[in-house]
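Report on the structure given below.
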Amino acid sequence: MTVRDKIKPFVIVDYNIGGALHLYSVEDYKQEIFDTRKAEGFTGTAAQWHALAELFVAEEMPDLIGDIEIESESDILTIYADDCTLLEAFAVKFKAALDDDELIYPLFNRL
């Protein structure tokens, strides 16, 4: 199994210089995380995914600060980097965190 298979539903798109990591239709993935704080207005929007990804980088992968750029638009989360290996490293670790309730829920609660 390749790295790109392991990170699904995240998708990496390669460009001539760098690449982008996308999560399309953010409201269809891991909604149960956001549902825990639905009363506070968390619905799983791209902007909320953006905030979660930024917090993850700050706390779990601070060495990537300045090397990746996180953007959200409509229902798509996008992370850019000039180095696709950085995107893959981020994607693997972020996806693993999302699959680890003991890590992701406390992180999410700090938003």
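Residue 109 in our numbering sits at position 70 of the sequence shown; the count goes up by one each step and never skips. Where is the CB? At the ideal position from N, CA and C, for every residue including glycine.
Nearest residue (CA-CA) to residue i, options the options
{"i": "Lys-69", "options": "Ala-92, Met-40, Gly-83 and Asp-114", "result": "Gly-83"}
{"i": "Trp-88", "options": "Leu-116, Leu-126 and Lys-45", "result": "Leu-116"}
{"i": "Asp-138", "options": "Ile-72, Lys-77, Leu-126 and Arg-43", "result": "Ile-72"}
Residue environment, residue i, which counts as buried when at least 16 other CB atoms sit within 10 Å
{"i": "Ala-85", "result": "buried"}
{"i": "Ser-111", "result": "buried"}
{"i": "Leu-62", "result": "buried"}
Paired residues, beta bridge with residue i - DSSP
{"i": "Ile-107", "result": "Ile-104 and Ala-120"}
{"i": "Gly-58", "result": "Asp-53 and Ala-120"}
{"i": "Ile-115", "result": "Glu-112"}
Beta-carbon contacts of residue i that lie in its chain and below 7 Å, excluding the five residues immediately before and after
{"i": "Leu-125", "result": "Leu-103, Asp-106 and Ile-107"}
Neighbourhood of residue i by C-beta distance below 6 Å, restricted to the same chain and skipping five residues each side
{"i": "Ala-59", "result": "Val-52, Thr-117 and Tyr-119"}
> Counting Cβ pairs closer than 8 Å, one from the stretch 130-146 and one from the stretch 44-59, do we hit at least three?
Replying inline: By the C-beta criterion, the stretch 130-146 is judged to be in contact with the stretch 44-59, since at least 3 inter-stretch pairs fall below 8 Å.
> Is the stretch 52-64 close to the stretch 106-120, with three or more CB pairs under 8 Å?
Replying inline: Yes, the stretch 52-64 touches the stretch 106-120.
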